[in-house]
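Chemist:
Residue numbers (the working numbering): 113 to 272.
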């Protein structure tokens with residue numbers, strides 16, 4: 113998979129970005145905030161019930177980079193974990209180093225822009241707006257409703 117880029121201002125507010133910026137003058141304070149942020153992301157991943165084991169998250173607040181390790185049961189779960197890490201405010205990149213128990217082809221990704229709908233995204237990638245439920249299902253449980261997507265969010269677009 114590689115390194116994935118995300119928009120820093122978009123996403124779940126799991127930890128205080130302003131605190132991290134203020135702590136950049138103190139290495140000890142920065143280490144503590146990075147550890148708190150990593151723990152918050154780990155907790156968020158666990159709450160999604162994706163079946164991953166031995167999940168370890170490291171966060172570098174100065175770069176906005178998350179590194180995640182562990183074992184995912186499927187490629188889909190690995191990709192969802194990437195999105196869990198990246199669709200968080202103050203995260204600009206994710207290095208997913210997880211192993212996959214049952215490998216399968218990788219999905220494509222789409223960066224949501226203003227005016228996007230799942231139907232329009234389905235039309236773009238599948239040629240059929242009525243296939244939006246496949247995109248919605250591929251991004252559960254991070255998405256809770258097909259109409260609740262936001263600019264800056266990154267979505268998985270699985271092959272049909």
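Glycine included, C-beta positions come from ideal geometry on N, C-alpha and C. Nothing here was measured: the structure is a model prediction, and the numbers come from that model.
Kindly indicate which three-state DSSP category residue 240 falls into: helix, strand or coil?
Modeler: Your numbering for residue 240 matches position 128 in the chain shown. In this structure, residue 240 counts as coil in the three-state DSSP scheme.
Chemist: Compare the Cα-Cα distances from residue 185 to each of 215, 237, 176, 206 and report the closest residue.
Modeler: In the chain shown, counting from the first residue as 1, residue 185 sits at position 73. It is 215 whose Cα lies nearest to the Cα of residue 185.
Chemist: Mind the definition here: the region 200–214 touches the region 224–241 only if three or more C-beta pairs lie below 8 Å; say whether that holds.
Modeler: Touching, no, given that fewer than three Cβ pairs across the two stretches are closer than 8 Å.
Chemist: Let me confirm a value: residue 67 is counted as buried when at least 16 other C-beta atoms fall within 10 Å, else exposed. Which label applies?
Modeler: No answer is possible for residue 67: it lies beyond the span of the chain, which begins at 113 and ends at 272.
Chemist: What are the start and end residues of the alpha helix (DSSP H) that includes residue 221?
Modeler: Taking the first residue of the chain shown as 1, we reach residue 221 at position 109. Counting along the chain, residue 221 falls outside any alpha helix (DSSP H), though it belongs to the beta strand (DSSP E) covering 220–223.
Chemist: To the nearest angstrom, report how far apart residue 243 and residue 157 are at their CA atoms.
Modeler: The residue given as residue 243 occupies position 131 in the chain shown. The residue given as residue 157 occupies position 45 in the chain shown. Roughly 27 Å separates the two Cα atoms.
Chemist: Where do the N-terminal and C-terminal ends of the alpha helix (DSSP H) with residue 139 fall, by residue?
Modeler: The residue given as residue 139 occupies position 27 in the chain shown. That run of the alpha helix (DSSP H) goes 139–159.
Chemist: Please state whether the Cβ-Cβ distance between residue 152 and residue 183 is less than 8 Å.
Modeler: As a working mapping, residue 152 is identified with position 40 in the chain shown. As a working mapping, residue 183 is identified with position 71 in the chain shown. Result no, Cβ atoms of residue 152 and residue 183 do not sit closer than 8 Å.
Chemist: Does DSSP put residue 269 in a helix, a strand or coil?
Modeler: In the chain shown, the residue the question calls residue 269 occupies position 157. If DSSP states are grouped into helix, strand and coil, residue 269 belongs with the strands.
Chemist: Report the residue ranges of all alpha helix (DSSP H) runs contained in full by the region 163–233; include only those spanning at least 4 residues, in chain order.
Modeler: Entirely contained in the region 163–233, the alpha helix (DSSP H) runs reaching 4 residues are, in chain order, 187–198.
Chemist: Give me the Cα-Cα distance between residue 127 and residue 149, rounded to the nearest whole angstrom.
Modeler: Numbered from its first residue, the chain shown carries residue 127 at position 15. Numbered from its first residue, the chain shown carries residue 149 at position 37. Cα to Cα, residue 127 sits roughly 6 Å from residue 149.
Chemist: Which residues does DSSP pair with residue 116 in a beta bridge?
Modeler: Position 4 of the chain shown holds residue 116. Residue 116 is bridged to 206.
Chemist: Measuring straight from C-alpha to C-alpha, what distance separates residue 248 and residue 172?
Modeler: Looking up residue 248 in the chain shown gives position 136. Looking up residue 172 in the chain shown gives position 60. Distance between the alpha carbons of residue 248 and residue 172 is about 30 Å.
Chemist: Just verifying my parser: in three-state terms, what is the DSSP assignment at residue 127?
Modeler: If you number the chain shown from 1, residue 127 lands on position 15. Residue state, collapsed to three classes: coil.
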